[in-house]
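Here is the structure we will look at, set down as structure tokens.
Numbering (this note's numbering), first residue to last: 230 to 401.
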């Protein structure tokens, strides 16, 4: 399990924005692992997170969190989550949460997590294009997209399937 945190507090003096500008290829994992990217401000993914060898499913569970304070009383004013690149989890789950910021999925971005997808934020917008959100698994393939304070706007296909699941929940 690995965690990357960026933010205000504990010696960090920036605005808390965490930006991924290099691809993460998790090919070669031999066991189920968890990667957590936690920003005290905005979380921006500009490069993909993927398994370059899709012939063998690797189990990476991915936790993305925007506006997650490092220390009490140091909450920044921004906390949006921007997903501008593909997230392809062949055998793991995606849990993305923006505590009170918007979650935006960019144009032509594909999100696939065969262990299920849970996304929560103040509002949720998926840009138009060729992107999609999908989960297909042998046991759990559920997708949950919840806007806690605003609208949900979806422009591309969403699909969930599995032998023991396959539910899509959307709420605002």
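Ideal placement from N, C-alpha and C gives every residue a C-beta, glycine not left out.
Per DSSP, residue 338 has no beta bridge partner at all. The DSSP-derived three-state label of residue 311 is strand. Counted as a single uninterrupted DSSP element, the beta strand (DSSP E) harbouring residue 400 occupies residues 397-400. Bounds of the beta strand (DSSP E) holding residue 325 are 323-327.
Rounded to the nearest angstrom, the Cβ distance from residue 320 to residue 267 is 22 Å, too far for a contact under 8 Å. Taking C-alpha positions only, residue 365 is separated from residue 388 by approximately 8 Å. Inclusion of residue 378 and residue 354 in the CB contact set at 9 Å is not warranted, their separation being larger than that value. Boundaries for residue 271: no beta strand (DSSP E) harbours it, and the DSSP string shows neither H nor E there. Secondary structure at residue 296: coil, using DSSP grouped into helix, strand and coil.
Minimum Cα-Cα distance from residue 275 among the listed residues 281, 333 and 261 corresponds to 333.
Residue environment for residue 281: exposed (fewer than 16 other C-beta atoms within 10 angstroms of its C-beta).
Apart from sequence neighbours up to five positions away, the residues of its chain that approach residue 251 with a beta-carbon distance below 7 Å are 276, ordered along the chain. Boundaries of the beta strand (DSSP E) harbouring residue 376: 372-376, taken from the DSSP string. The beta carbons of residue 380 and residue 358 sit about 19 Å from each other, so the pair does not count as a contact at 8 Å. Burial of residue 344 is indicated by the presence of at least 16 other C-beta atoms within 10 angstroms of its C-beta. Judged by their CB atoms, residue 339 and residue 363 are nearer to each other than the 9 Å cut-off. Between residue 263 and the set 352, 291 and 312, the nearest pair of CA atoms involves 291.
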